[in-house]
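Participant: Quick one: the structure is below, and I'll ask about it shortly.
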Amino acid sequence: MNEAQTLQNSNNIMDIIILAAGAYMIYAGLLMKSTGKIAKSFISRNIEIENAPQKDKYIKYMFLPTMFVGVLMLFCGLFPMVVPMMNIALPENFAATVYFVSLGLVIAFGVYAINMQNRYLKNH
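Below you can see the structure in the form of structure tokens.
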């Protein structure tokens, strides 16, 4: 296996991880909205969700951002895999750009989620 094939395999793995993260975010958002249960992976360990004072407001303000970031992550995971299948050449550093955009989405979502936790889930 040459270097280009190894790089392509690692890019495919990253695309699949990004795709899975987006799918999980959409699943968790739909679960949150439909059942009122918040995925434990979305909240800090020191928050007791059963005793959260404004869990319904947290869900209200987290649903759309969770869905939005989930859809963007799906796009970031699928786009680099689908476009080459259509024989469209992507720029050389395109994959790295997509990974940095995905990382930025995750960081921005994390900051927003922490702010919402502090506002609605912590007992003040």
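Counting from 1, position 12 in the sequence shown corresponds to residue 0 in my numbering; the numbering is continuous, with no gaps.
Beta carbons: idealized from backbone N, C-alpha and C, even for Gly.
These numbers come from a predicted model, not from an experiment.
#1: Output the boundary residues of the alpha helix (DSSP H) element that contains G24.
#2: Measuring only the C-alpha atoms, how far is M(-11) from A83?
#3: So, using beta-carbon positions, are Y15 and M104 closer together than 7 angstroms?
#4: Can you grab the Cα-Cα spacing for the pair A40 / M13, in whole Å?
#5: In angstroms with no decimal places, state the Cα-to-Cα distance between M2 and G65.
#6: Out of A9, I37, R33, point me to the one whose CA is closest to K25's CA.
Facilitator: Judging by the given coordinates:
#1: For this step, residue 24 is matched to residue 36 along the sequence shown. That residue, G24, is in no alpha helix (DSSP H); it is neither H nor E in DSSP.
#2: Stepping through the sequence shown from its first residue, residue -11 is reached at position 1. Stepping through the sequence shown from its first residue, residue 83 is reached at position 95. Any reading at M(-11) needs caution, since the residue's pLDDT is 47, under 50, leaving its predicted position unreliable; the model's value is listed next. Computed Cα separation, rounded: 20 angstroms.
#3: In the sequence shown, residue 15 corresponds to position 27, counting from 1. In the sequence shown, residue 104 corresponds to position 116, counting from 1. Their beta carbons are not under 7 angstroms apart, which means Y15 does not touch M104 by this criterion.
#4: Taking the sequence shown and counting its residues from 1, one reaches residue 40 at position 52. Taking the sequence shown and counting its residues from 1, one reaches residue 13 at position 25. Across the structure, A40 and M13 are spaced so that their CA atoms are roughly 21 angstroms apart.
#5: Along the sequence shown, read from residue 1 onward, the residue named residue 2 stands at position 14. Along the sequence shown, read from residue 1 onward, the residue named residue 65 stands at position 77. Cα to Cα, M2 sits roughly 8 angstroms from G65.
#6: Here residue 25 corresponds to residue number 37 of the sequence shown, with the count starting at 1. Here the closest residue by C-alpha is I37.
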